[in-house]
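Colleague:
Numbering (the working numbering), first residue to last: 3 to 120.
1) Taking Cβ to Cβ, would you say residue 57 is nearer than 9 angstroms to residue 20?
2) Confirm, please, whether the CB-CB distance from residue 102 to residue 15 is below 9 angstroms.
3) Give me the residue from 61, 52, 64 and 45 with the minimum Cα distance to residue 24.
4) By the 10 Å Cβ neighbour count, where 16 or more other Cβ atoms means buried, how is residue 12 classified, buried or exposed?
5) Along the chain, which unbroken stretches of the beta strand (DSSP E) at least 3 residues long are found entirely within the region 25–51?
6) Looking only at its chain, what residues have a beta carbon closer than 8 angstroms to the beta carbon of residue 68, apart from the 5 residues adjacent to it on each side?
7) Grab the span of the beta strand (DSSP E) containing residue 76 for me, first residue to last.
8) Classify residue 74: buried if its beta carbon has 16 or more other beta carbons within 10 angstroms, exposed otherwise.
9) Residue 22 to residue 85, Cα distance in whole Å?
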């Protein structure tokens, strides 16, 4: 499967990141997978403002609407169908049925940032 990757589609879901941040992520991916991934494209997926979204559903929508190898980035919590509440929120995951992975920035940033001027 890895030998078929030459292009990755980076998809911003909602308004979670700037274009320049997505471009920087794409450049880091090219650097990390030099010779394997040769280019990236940036897309924007207009999604309703929600706090949570089912990760599997999101991967299926991105696969249907954009296609190809996709890294989707959202600021919504990604949930699963796991009945145990502790395990049903994830940072990210890949759909085993297609070439779509999604990640959430929600839990990666501090909820409150304070700084003191010296």
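Even for Gly, the Cβ is constructed at its ideal location relative to N, Cα and C. Keep in mind the model is a prediction, meaning the values are calculated, not measured.
Modeller: This is what the structure holds:
1) No; because the gap between Cβ atoms is not below 9 angstroms, this pair is not in contact.
2) no
3) 45
4) buried
5) 41–47
6) 11, 13, 45 and 47
7) Where residue 76 is concerned, the enclosing beta strand (DSSP E) stretches over 72–76.
8) buried
9) 38 angstroms
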